[in-house]
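**Student:** Residue numbers (the numbering used here), protein chains in the order written: chain A, 1 to 273; chain B, 1 to 273.
Idealized CB from N, CA, C, for every residue including glycine.
Protein chains: 2
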Amino acid sequence: MKTHVFDTALQLDQTAPGRYAGLTSADYWNMVGPFGGTTAATILQAVLRHPDLLGLPLTLTVNYAGALGQGPFEVQVQPVRTNRSTQHWTAGVLQKDAQGDMVVTTTATVVTAVRRETWGLSDTPMPEVARPEQVAPVRYEQSLAWLDHYELRPVRGAIPTQWDGGGDSSLTQLWMRDHPLRPLDFCSLAALADIFFPRVWLRRAKRVPAGTVSITTYVHSGEKELRATGSSYVLGQARAQEFRNGFFDQSAQLWNEAGSLLCTSHQIVYFKE
Amino acid sequence: MKTHVFDTALQLDQTAPGRYAGLTSADYWNMVGPFGGTTAATILQAVLRHPDLLGLPLTLTVNYAGALGQGPFEVQVQPVRTNRSTQHWTAGVLQKDAQGDMVVTTTATVVTAVRRETWGLSDTPMPEVARPEQVAPVRYEQSLAWLDHYELRPVRGAIPTQWDGGGDSSLTQLWMRDHPLRPLDFCSLAALADIFFPRVWLRRAKRVPAGTVSITTYVHSGEKELRATGSSYVLGQARAQEFRNGFFDQSAQLWNEAGSLLCTSHQIVYFKE
Numbered sequence: 001m002k003t004h005v006f007d008t009a010l011q012l013d014q015t016a017p018g019r020y021a022g023l024t025s026a027d028y029w030n031m032v033g034p035f036g037g038t039t040a041a042t043i044l045q046a047v048l049r050h051p052d053l054l055g056l057p058l059t060l061t062v063n064y065a066g067a068l069g070q071g072p073f074e075v076q077v078q079p080v081r082t083n084r085s086t087q088h089w090t091a092g093v094l095q096k097d098a099q100g101d102m103v104v105t106t107t108a109t110v111v112t113a114v115r116r117e118t119w120g121l122s123d124t125p126m127p128e129v130a131r132p133e134q135v136a137p138v139r140y141e142q143s144l145a146w147l148d149h150y151e152l153r154p155v156r157g158a159i160p161t162q163w164d165g166g167g168d169s170s171l172t173q174l175w176m177r178d179h180p181l182r183p184l185d186f187c188s189l190a191a192l193a194d195i196f197f198p199r200v201w202l203r204r205a206k207r208v209p210a211g212t213v214s215i216t217t218y219v220h221s222g223e224k225e226l227r228a229t230g231s232s233y234v235l236g237q238a239r240a241q242e243f244r245n246g247f248f249d250q251s252a253q254l255w256n257e258a259g260s261l262l263c264t265s266h267q268i269v270y271f272k273e
Numbered sequence: 001m002k003t004h005v006f007d008t009a010l011q012l013d014q015t016a017p018g019r020y021a022g023l024t025s026a027d028y029w030n031m032v033g034p035f036g037g038t039t040a041a042t043i044l045q046a047v048l049r050h051p052d053l054l055g056l057p058l059t060l061t062v063n064y065a066g067a068l069g070q071g072p073f074e075v076q077v078q079p080v081r082t083n084r085s086t087q088h089w090t091a092g093v094l095q096k097d098a099q100g101d102m103v104v105t106t107t108a109t110v111v112t113a114v115r116r117e118t119w120g121l122s123d124t125p126m127p128e129v130a131r132p133e134q135v136a137p138v139r140y141e142q143s144l145a146w147l148d149h150y151e152l153r154p155v156r157g158a159i160p161t162q163w164d165g166g167g168d169s170s171l172t173q174l175w176m177r178d179h180p181l182r183p184l185d186f187c188s189l190a191a192l193a194d195i196f197f198p199r200v201w202l203r204r205a206k207r208v209p210a211g212t213v214s215i216t217t218y219v220h221s222g223e224k225e226l227r228a229t230g231s232s233y234v235l236g237q238a239r240a241q242e243f244r245n246g247f248f249d250q251s252a253q254l255w256n257e258a259g260s261l262l263c264t265s266h267q268i269v270y271f272k273e
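#1: Using alpha carbons as the reference points, say which of B:T61, B:A16, B:Q87 lies closest to Y270 (chain A).
#2: Across the stretch 227 to 234 of chain B and the stretch 66 to 81 of chain A, are there enough close Cβ pairs to call them in contact, namely three or more that are closer than 8 Å?
#3: For L202 (chain B), collect the residues of the same chain with a Cβ closer than 6 Å to its Cβ; drop the 5 residues on either side in sequence, then sort them by chain order.
#4: Counting only Cβ pairs nearer than 8 Å, list the residues of chain B close to Q253 (chain A).
#5: Measuring alpha carbon to alpha carbon, tell me which residue in A:R116, A:D13, A:P198 is nearest V208 (chain A).
#6: Just to check my reading of the structure: T172 (chain A) and P154 (chain A) have Cβ atoms closer than 8 Å, yes? What is that Cβ distance to the nearest angstrom?
#7: Pick out whichever of A:P17, A:R239, A:G36, A:L68 has its Cα sitting closest to the Cα of R49 (chain A).
#8: For H88 (chain A), write down the residues that DSSP places opposite it in a beta bridge.
#9: Would you give the residue range spanned by the alpha helix (DSSP H) that R199 (chain A) belongs to?
#10: Would you decide whether Y28 (chain B) is buried or exposed? Buried here means 16 or more other CB atoms lie within 10 Å of its CB.
#11: When the Cα of K224 (chain B) is compared with those of B:D148, B:L262, B:Q70, B:W146, which residue comes out closest?
#12: Quick one: which residues of the stretch 225 to 250 of chain B get their C-beta closer than 8 Å to a C-beta of chain A? List them in chain order.
#13: Rank B:T90, B:L181, B:V103 by C-alpha distance to the C-alpha of L68 (chain B) and give the top, closest one.
#14: Does the stretch 47 to 67 of chain B come close enough to the stretch 180 to 194 of chain B to have 3 or more Cβ pairs within less than 8 Å?
#15: Quick check: is the beta carbon of H266 (chain B) nearer than 9 Å to any beta carbon in chain A?
#16: Within 9 Å of any Cβ in chain B, is that where the Cβ of L48 (chain A) sits?
#17: What does N83 (chain A) touch in chain E if you count any residue whose Cβ is under 8 Å from its own?
#18: Quick check: the stretch 35 to 49 of chain A against the stretch 4 to 19 of chain A, are at least 3 beta-carbon pairs closer than 8 Å?
#19: Between the C-alpha atoms of R239 (chain B) and T264 (chain A), what's the straight-line distance to the nearest angstrom?
#20: Going along the chain, which residues of its own chain have a beta-carbon closer than 6 Å to the beta-carbon of G33 (chain B), five neighbours each way excluded?
#21: According to DSSP, simplified to helix, strand and coil, what is E74 (chain A)?
#22: Output needed for Q211 (chain A): all residues of its chain with C-beta closer than 6 Å, excluding positions within five of it in sequence on either side, in chain order.
#23: Should D13 (chain A) be listed as close to the ligand COA, given that the test is whether its C-beta is under 8 Å from any heavy atom?
#24: Residues in its own chain within less than 6 Å of A151 (chain A) by CB, not counting five upstream and five downstream?
#25: Nearest chain B C-beta to T3 (chain A) closer than 9 Å, yes or no?
#26: Thinking C-alpha only, which one of A:R131, A:G246, A:T82 is nearest Q107 (chain B)?
#27: Using only alpha-carbon positions, find the residue among A:L144, A:E273, A:T39 that is nearest to G22 (chain A).
#28: What do you get for A193 (chain A), buried or exposed, if any count of 16 or more other CB atoms within 10 angstroms of its CB means buried?
#29: Does DSSP classify L171 (chain A) as helix, strand or coil?
#30: Along chain B, which residues have their Cβ under 7 Å away from the Cβ of H149 (chain A)?
#31: As an exercise, report each continuous beta strand (DSSP E) stretch of at least 3 residues that is fully enclosed by the stretch 97 to 172 of chain A, in chain order.
#32: Going by the beta-carbon positions, is the gap between T216 (chain A) and V62 (chain A) smaller than 9 Å?
#33: Assuming G222 (chain B) and R115 (chain B) are in contact, meaning their beta carbons sit under 8 Å apart, how far apart are those beta carbons, in whole angstroms?
#34: Locate the alpha helix (DSSP H) running through T42 (chain A), then write down its first and last residues.
#35: Does the CB of V128 (chain A) have a neighbour CB from chain B at under 9 Å?
#36: If distances are taken between C-alpha atoms only, which option among B:D101, B:F6, B:P127, B:Y218 comes closest to F73 (chain B)?
Structure representation (structure tokens):
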């Protein structure tokens, strides 16, 4: 079986306990670096491969400290505290700078957990939207490499086609999945959580420089829900709460087609002007 | 002027660059450890006191890895990457365990930023609620020490008085401020963001063991908004999105009385049964 392009992008070679060598992927290249979702997924991947791992992903916070340039990088992950049912990780991505010094490009913390069946309830039902087959996939005139590896079918709040300053909402709802198809796992879910274009573009209908500073994803799904999702569509919803003095926040929810909330995710994003 | 009890709780003595000695405060004691909000505030305080600090708080993620026991602890903060207008910090709290070994009780990441005036807009207006003077402050028959140091006036979703399993919403709205009065600053704001009792208690009207695992706060306010808030009330709103297999999430917003969104905050919380 051919290795999926996402798995190739996430390939890591262990060089020492908790240290992994990776290589940026041209297939998930964004404007000036890799799609941030793949960086988050790579860090999670390193944690999930660690021999001391306890449980499955519960939280993932990734801080984009500096640009990750094309080429090799190192992922470092360390389990700093292991309890009976939760495990706390610190992580980072480092890369050689122009002077040959290893510098931090990304910091992260991860919590993994052994989860038990308890009382449960969803307080954020999936919005009623058109089915994925009923909405057209996005076509780009000039695409970015990473966008070629996702199928995105916006229901509401697609990227503006008229940059006329006439925006009136920061809400996007879209169906999405990997292209080519790939069964959902924790790493691809972490990447999907970062798929939304900057809310400031939508709210203002104006394209300004913008980039994620920090993202936190809370995983609500276990392996059962991921298996049940397979390679079918995921509904993503994102909206901003506040735009002020160069930064805005974004809150997102991702459901599978059956309406199960897979994860909630929050980020704060830099913007200019 | 008498030092405020909150400032006493946050007192740190620098022992080396980026290393500070602290002492847990009986005044902000919760059931089995300090109120998590004071731990978050203490970490932020250590960052703000660091001589290499650039800018003001933008994000604060705190992971509660293990119980912080009564007594001395150490806060470690490190600026791992300084850019032109943002600075990325890793942080941790350590404490001696029963064997005398220093163990990690808390991990954290912080981003500070120099903020510039830009276009801005609030997409989450403050809900219309009764004024603080119109709603009664909470009175506890058996209180916890930390609750004595906050004035809380619930508008909606107060802690249940009947634990009868009859809950129907996870939404709380309440006015709050320090007691005794203290002008709001970044540290006390970080603490206020963690003030809400567990959403699972409200949603189920059932008291089960619960505790924050990880909290992330995005600061939207600068010093101007904090000064304008002073020691007046802050409106906090919190609700859960998903309760599943031992964990639920909570999203919160905090506005000042003038309706300015001071911060948004998210957490994931462990619960039993």
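**Tutor:** According to the structure shown:
#1: Of B:T61, B:A16, B:Q87, the smallest CA-CA separation from Y270 (chain A) is found for B:Q87.
#2: Contact between the stretch 227 to 234 of chain B and the stretch 66 to 81 of chain A is absent, because fewer than three Cβ pairs lie under 8 Å.
#3: Taken in chain order, the residues that qualify are G157, G167, S170.
#4: For Q253 (chain A), the chain B residues whose Cβ falls inside 8 Å of its Cβ are Q241, in order along the chain.
#5: Nearest Cα to V208 (chain A) within the set A:R116, A:D13, A:P198: A:P198.
#6: Their Cβ separation, rounded to whole angstroms, is 7 Å, which keeps T172 (chain A) and P154 (chain A) in contact under 8 Å.
#7: By alpha-carbon distance to R49 (chain A), the top candidate from A:P17, A:R239, A:G36, A:L68 is A:P17.
#8: Paired residues: A:R81, A:V111.
#9: In this chain, the alpha helix (DSSP H) harbouring R199 (chain A) covers 199 to 204.
#10: Burial is judged here by how many other beta carbons sit within 10 angstroms of a residue's own beta carbon; Y28 (chain B) has at least 16 and is buried.
#11: Comparing Cα positions, the closest option is B:L262.
#12: Across the stretch 225 to 250 of chain B, CB contacts with chain A closer than 8 Å involve R239, A240, Q241, E242, F243, R244, N245, G246, F247, D249, in sequence order along the chain.
#13: Measuring from the Cα of L68 (chain B), the nearest candidate turns out to be B:V103.
#14: Touching, yes, given that three or more Cβ pairs across the two stretches are closer than 8 Å.
#15: Look at H266 (chain B): its C-beta is under 9 Å from a C-beta on chain A.
#16: With 9 Å as the cut-off, L48 (chain A) does not count as an interface residue toward chain B.
#17: The structure shown contains no chain E; the protein chains it does contain are A and B.
#18: A contact is defined here as three or more CB-CB pairs under 8 Å, and the stretch 4 to 19 of chain A meets this definition with respect to the stretch 35 to 49 of chain A.
#19: In a straight line, the C-alpha of R239 (chain B) is about 13 Å away from that of T264 (chain A).
#20: Closer than 6 Å at the Cβ level, and outside the excluded window around G33 (chain B), lie A67, L68.
#21: In the three-state reduction of the DSSP assignment, E74 (chain A) falls in the strand class.
#22: Going by the sequence as given, residue 211 (chain A) is Gly instead of Gln. Taken in chain order, the residues that qualify are Y270.
#23: Judged by which ligands are present, the structure shown has none, so any question about the ligand COA falls away.
#24: The amino acid at residue 151 (chain A) is misidentified as Ala; the sequence shows Glu. Result list for E151 (chain A): P137, R177, H179, in chain order.
#25: Not closer than 9 Å to any Cβ of chain B, the Cβ of T3 (chain A) fails to qualify, so no.
#26: Before going further, note that residue 107 (chain B) is Thr rather than Gln in the sequence given. Among A:R131, A:G246, A:T82, the Cα nearest to that of T107 (chain B) is on A:T82.
#27: Ranking the options by Cα distance to G22 (chain A), first place goes to A:T39.
#28: The residue is buried, with at least 16 neighbouring Cβ atoms inside 10 Å.
#29: Coil, per DSSP.
#30: None at all; the shortest Cβ gap to chain B is about 28 Å.
#31: Runs found: 102 to 113, 150 to 156.
#32: Remark: C-beta atoms of T216 (chain A) and V62 (chain A) approach each other more closely than 9 Å.
#33: Contact holds; Cβ gap of about 6 Å.
#34: Looking at the DSSP string, the run of the alpha helix (DSSP H) that includes T42 (chain A) is 36 to 49.
#35: Per the sequence shown, residue 128 (chain A) should be read as Glu rather than Val. No, its Cβ sits nowhere closer than 9 Å to a Cβ of chain B.
#36: With distances taken between Cα atoms, F73 (chain B) lies closest to B:D101.
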